[in-house]
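Only one structure is covered here, and it is reproduced in the block below.
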Amino acid sequence: MAGLTDRVPVLEMVGVSKRFDATQALGGVSLALYPGEVHALVGENGAGKSTLIKIMTGVHAADEGTILVGGEQVTLRSSADAQRHGIAAIYQEPTIYPDLNVAENIFLSHRDRGVAVRWGRMYREAEAILARLDVHLDVRTLASGLSVAAQQAVEIAKAMSLDVRVLIMDEPTAALSAHEVAQLFRQVRHLTAGGVAVLFISHRLDEVFEIADRVTVLRDGRLISSRPRAEATPQRAIQEMVGREMSEFFARTEHRPGELVLRVEGIGRAGAFAGVSFEVHKGEVLGLAGLVGAGRTDVALALFGIAPAEAGSVELDGRPVTIRSPREAMRHGIAYLSEDRRQLGLSLPQSLTANITLATLRRYLTRLRLVDTGAEHAVAERFRRRLSIRAPSLDTPVERLSGGNQQKTMLAKWLNAEPSVLILDEPTRGIDVGAKAEVHHIIDELARAGMAIVLISSDLPEVLAMSDRILVMREGRQVGMFGRAEATEEAIITAAMGAA
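Oh and the sequence shown: position 458 is 694 in the numbering used here, straight run, nothing missing.
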């Protein structure tokens with residue numbers, strides 16, 4: 237944006253450093269946020285983004301450096317301090333109160349308005365704030381019934397009610413559909429039109445370059461670059477984030493798939509999906525594409541026995557099978573890497589070793605029913621090397637690992653089960669570009685080794701690049717099957733949206 241040097245930053249960090257024990261999380265980082273500007277902050281997991289945000293919001297205190305608000309030096313000792321200076325944050329998972337209505341959530345932090353609640357005034361002011369965002373919600377509706385996108389709109393309205401000057405948005409689009417992302421971006425533009433500075437953090441570079449006015453890159457806790465969007469490119473940002481060239485972001489090796497492994501005929505479950513049929517061969521990657529809510533994950537849950545199919549048939553290696561539980565699925569050689577690694581994929585407090593052997597623990601029991609820890613560690617070390625899992629030790633709790641290394645740990649857990657069919661549900665969601673490229677390389681390596689893979693992803697370029705064939709779903713129905721040669725972004729989107 238023109239003329240930034242003529243204006244005073246609403247928030248400025250100068251030479252900020254922070255160390256946690258032996259880890260230098262931030263080293264001399266400087267950052268300036270200007271009124272009416274969307275400032276994107278990008279970097280791999282572990283680059284220092286979260287630490288910088290926590291210093292801005294008063295959660296952590298900087299070891300060195302200066303924080304200025306409106307040109308005046310301030311000390312932020314708590315989130316309440318940050319709030320008083322007009323600094324607020326919203327995160328990937330909204331933190332609203334489900335048992336309160338929309339208006340109550342918006343004004344919950346207004347402790348200076350006395351004990352008595354002026355309900356009529358509160359509802360009117362809530363409606364006025366939402367109108368400024370062009371959001372249409374019944375302010376008397378309980379928050380428990382809102383979509384994630386609506387919950388985020390309520391959190392933005394809450395920040396506006398507190399006269400926010402700086403709004404930090406940390407991965408706000410991770411759980412949103414394309415339509416909901418567009419709605420969120422309209423809300424962001426309403427904010428910046430009113431003079432609010434927005435700090436936007438996302439792993440989705442296409443969104444960054446759509447919404448941002450300025451792009452700043454962090455790597456290993458240090459500022460690498462900060463430049464206007466017109467002077468930045470996604471390719472340049474990726475190179476600066478990972479510190480190396482990323483000439484081939486998606487990697488697939490050409491090879492011929494082998495014999496048939498999995499045949500699915502007309503499977504369905506009432507209220508979720510119906511009439512889905514496909515085949516997967518050895519060494520083949522079958523992509524499942526579609527909008528959020530199209531039923532792709534429901535198909536995966538049926539094949540893994542979490543929510544079994546009620547209709548249709550499944551054959552593995554030419555034999556009919558019935559799958560009513562994950563244990564049965566694993567016995568038939570099917571593994572499922574869930575899209576929710578924190579809730580369904582990993583035991584976060586446990587060690588790297590314990591997570592890698594979690595699905596196959598019986599293999600490591602001695603005749604006395606004790607765990608052979610030596611055998612466990614040997615297997616874990618083999619997968620740590622094979623998948624380049626970066627961790628201080630095999631005994632490190634998984635919750636301390638970056639998102640990309642958590643994802644690779646979950647993948648190691650299922651590879652250790654030696655499946656013949658591997659279902660990958662959003663395998664690169666929420667991980668940085670370097671880890672994403674590593675996961676793509678692993679997928680390609682597994683396919684070349686003959687594994688049959690079902691890839692579910694909302695990242696359309698990823699599906700197009702990594703899949704041999706693509707099945708498209710819409711509203712619980714199969715609406716198309718495309719070979720690699722005929723699959724284009726336009727064809728997949730047309731099928732997924734039902735456009736003519």
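C-beta atoms are modelled at their ideal positions from N, C-alpha and C, and glycine is treated no differently.
Treat the numbers as computed from the prediction; the structure is a model and nothing was measured.
### Query
Taking buried to mean at least 16 other C-beta atoms within 10 Å of its own C-beta, is residue 360 buried or exposed?
By one-based count along the sequence shown, residue 360 stands at place 124. The residue in question, residue 360, is exposed, as its Cβ has fewer than 16 Cβ neighbours within 10 Å.
### Query
Which value, in whole angstroms, describes the spacing of the CA atoms of residue 557 and residue 429?
By one-based count along the sequence shown, residue 557 stands at place 321. By one-based count along the sequence shown, residue 429 stands at place 193. Cα-Cα distance, rounded: 59 Å.
### Query
Do residue 703 and residue 684 have their CB atoms nearer than 8 Å?
For the purposes of this step, residue 703 is taken as the residue at position 467 of the sequence shown. For the purposes of this step, residue 684 is taken as the residue at position 448 of the sequence shown. Contact flag unset, no.
### Task
Could you name the residues that DSSP lists as bridge partners for residue 572?
Sequence index remark: in the sequence shown, residue 572 carries index 336 (1-based). As a beta-bridge residue in DSSP terms, residue 572 pairs with 659.
### Query
Around the C-beta of residue 239, are 16 or more other C-beta atoms found within 10 angstroms, so that it is buried, or is it exposed?
Locating residue 239 in the sequence shown gives position 3, counting from the first residue. Legend: pLDDT at residue 239 = 48, less than 50; position of this residue unreliable, value from coordinates given subsequently. With fewer than 16 Cβ atoms within 10 Å of its Cβ, residue 239 is classed as exposed.
### Message
Restricting to Cα atoms, I'd like to know which of 307, 517 and 640 is closest to residue 662.
### Response
Taking the sequence shown and counting its residues from 1, the one referred to as residue 662 is at position 426. The shortest C-alpha separation from residue 662 is found at 640.
### Message
Residues in the same chain with beta-carbon distance under 6 Å from residue 241, minus the five sequence neighbours each way, listed in chain order, please.
### Response
The residue you call residue 241 lines up with position 5 of the sequence shown. Per-residue confidence for residue 241 stands at a pLDDT of 47, beneath the threshold of 50, marking its modelled position as unreliable; the derived number appears in the next sentence. Closer than 6 Å at the Cβ level, and outside the excluded window around residue 241, lies no residue.
### Message
Under DSSP, the beta strand (DSSP E) around residue 717 begins and ends at which residues?
### Response
The residue given as residue 717 occupies position 481 in the sequence shown. 713-719 is the extent of the beta strand (DSSP E) around residue 717.
### Query
Can at least three beta-carbon pairs, one atom from the stretch 297-305 and one from the stretch 356-372, be found at a separation below 8 Å?
no
### Message
I want to know whether the stretch 244-251 touches the stretch 403-423 - three or more CB-CB distances under 8 Å.
### Response
Touching, no.
### Query
Hey, would you say residue 625 sits closer than 8 Å to residue 540, going by beta carbons?
Within the sequence shown, numbered from 1, the residue matching residue 625 stands at position 389. Within the sequence shown, numbered from 1, the residue matching residue 540 stands at position 304. It is not a contact, given that the beta carbons lie outside the stated cut-off.
### Task
Starting from residue 613, trace the alpha helix (DSSP H) both ways and give me its first and last residue.
For the purposes of this step, residue 613 is taken as residue 377 along the sequence shown, with counting starting at 1. Residue 613 -> alpha helix (DSSP H) spans 609-622.
### Message
By the DSSP assignment, the beta strand (DSSP E) with residue 308 in it spans what residues?
### Response
Residue numbering aside, residue 308 sits at position 72 when the sequence shown is read from its first letter. 308-310 is the span of the beta strand (DSSP E), which, as asked, contains residue 308.
### Query
Hey, out of 341, 714 and 324, whose CA is closest to residue 502's CA?
Locating residue 502 in the sequence shown gives position 266, where the first residue counts as 1. Selected option, being the one with the closest Cα: 714.
### Query
Residues bridged to residue 260 by DSSP?
By one-based count along the sequence shown, residue 260 stands at place 24. Here residue 260 is bridged, per DSSP, to 255.
### Query
What are the complete alpha helix (DSSP H) segments, minimum 4 residues, inside the stretch 367-400?
Residue ranges of uninterrupted alpha helix (DSSP H) with 4 or more members, entirely inside the stretch 367-400 and ordered along the chain, are 384-397.
### Task
Tell me, to the nearest whole angstrom, how far the beta carbon of residue 705 is from that of residue 526; I am working on the premise that it is less than 8 Å.
On the sequence shown, residue 705 is found 469 positions in, with the first residue counted as 1. On the sequence shown, residue 526 is found 290 positions in, with the first residue counted as 1. About 14 Å; that fails the 8 Å criterion.
### Message
To the nearest angstrom, how far is the alpha carbon of residue 295 from that of residue 580?
### Response
Within the sequence shown, residue 295 is the residue found at index 59, counting from 1. Within the sequence shown, residue 580 is the residue found at index 344, counting from 1. Spanning the two alpha carbons is a distance of roughly 28 Å.
### Message
Once DSSP output is grouped into helix, strand and coil, what is the label at residue 249?
### Response
Position 13 of the sequence shown, counting from 1, holds the residue named residue 249. Strand at residue 249.
### Task
Go to residue 689, then tell me how far its beta strand (DSSP E) extends in each direction, as first and last residue.
Numbered from its first residue, the sequence shown carries residue 689 at position 453. From DSSP, the beta strand (DSSP E) with residue 689 extends over 688-692.
### Task
Please check the pair residue 293 and residue 268, which I expect to be a contact at CB under 8 Å, by giving their CB distance rounded to whole angstroms.
Here residue 293 refers to the residue found at position 57 of the sequence shown. Here residue 268 refers to the residue found at position 32 of the sequence shown. Residue 293 to residue 268, Cβ: 17 Å. No contact.
### Message
Quick check on this structure: which residue in 397, 370, 552 and 332 has the alpha carbon closest to the alpha carbon of residue 420?
### Response
If you number the sequence shown from 1, residue 420 lands on position 184. For the residues 397, 370, 552 and 332, the minimum Cα distance to residue 420 belongs to 370.
### Query
Cα-Cα, which of 595, 726, 424 and 374 is closest to residue 336?
In the sequence shown, residue 336 corresponds to position 100, counting from 1. Comparing Cα positions, the closest option is 374.
### Whole runs of the alpha helix (DSSP H) within the stretch 415-466, excluding any shorter than 4 residues
441-447
### Query
Three-state secondary structure (DSSP) at residue 580?
As a working note, residue 580 is residue 344 in the sequence shown. Three-state result, residue 580: helix.
### Message
Taking the alpha-carbon of residue 569 as reference, which of 669, 657 and 261 has the nearest alpha-carbon?
### Response
Stepping through the sequence shown from its first residue, residue 569 is reached at position 333. Looking at the Cα atoms, 657 is the closest of the given residues.
### residue 321, DSSP secondary structure in three states
On the sequence shown, position 85 is the one that residue 321 refers to. If DSSP states are grouped into helix, strand and coil, residue 321 belongs with coil.
#### Entry: Environment of residue 616 [buried if 16+ CB atoms lie within 10 Å]
Position 380 of the sequence shown, counted from the first residue, corresponds to residue 616. Residue burial annotation: residue 616 is buried, with at least 16 other C-beta atoms found within 10 angstroms of its C-beta.
### Message
For residue 701 and residue 488, which I take to be in contact (beta-carbon distance under 8 Å), what is that distance rounded to the nearest angstrom?
### Response
Within the sequence shown, residue 701 is the residue found at index 465, counting from 1. Within the sequence shown, residue 488 is the residue found at index 252, counting from 1. The beta-carbon distance between residue 701 and residue 488, rounded to whole angstroms, is 6 Å. This is short enough to meet the 8 Å contact definition.
### Query
Which one or two residues does DSSP pair with residue 302 in a beta bridge?
Indexing the sequence shown from 1 puts residue 302 at position 66. In the DSSP output, where bridge partners are listed per residue, residue 302 has 250.
### Query
From residue 510 to residue 712, what does the alpha carbon distance come to, in whole angstroms?
The count along the sequence shown starts at 1 and reaches residue 510 at position 274. The count along the sequence shown starts at 1 and reaches residue 712 at position 476. If you draw a straight line from the Cα of residue 510 to the Cα of residue 712, it is about 6 Å long.
### Task
Give a yes or no on whether the C-beta atoms belonging to residue 403 and residue 434 are separated by under 8 Å.
Residue numbering aside, residue 403 sits at position 167 when the sequence shown is read from its first letter. Residue numbering aside, residue 434 sits at position 198 when the sequence shown is read from its first letter. In this structure, residue 434 lies closer than 8 Å to residue 403 by Cβ.
#### Entry: Sequence-distant residues of the same chain with beta carbon closer than 7 Å to residue 328, five excluded per side
Taking the first residue of the sequence shown as 1, we reach residue 328 at position 92. 406, 407, 408, 410 and 411, listed in sequence order.
### Query
Span of the alpha helix (DSSP H) holding residue 478?
What you label residue 478 is simply residue 242 of the sequence shown in a count that begins at 1. Its alpha helix (DSSP H) spans residues 470-478.
### Query
Sorted by chain position, which residues of the same chain lie with C-beta nearer than 8 Å to residue 652's C-beta, five sequence neighbours on each side aside?
In the sequence shown, the residue the question calls residue 652 occupies position 416. Only 592, 593, 595, 596, 615 and 619 meet the Cβ criterion.
### Task
Less than 8 Å between the CB atoms is what I'm expecting for residue 476 and residue 462, so what's the real figure, rounded?
Here residue 476 corresponds to residue number 240 of the sequence shown, with the count starting at 1. Here residue 462 corresponds to residue number 226 of the sequence shown, with the count starting at 1. For a cut-off of 8 Å, the C-beta gap from residue 476 to residue 462 is around 11 Å, too long to register as a contact.
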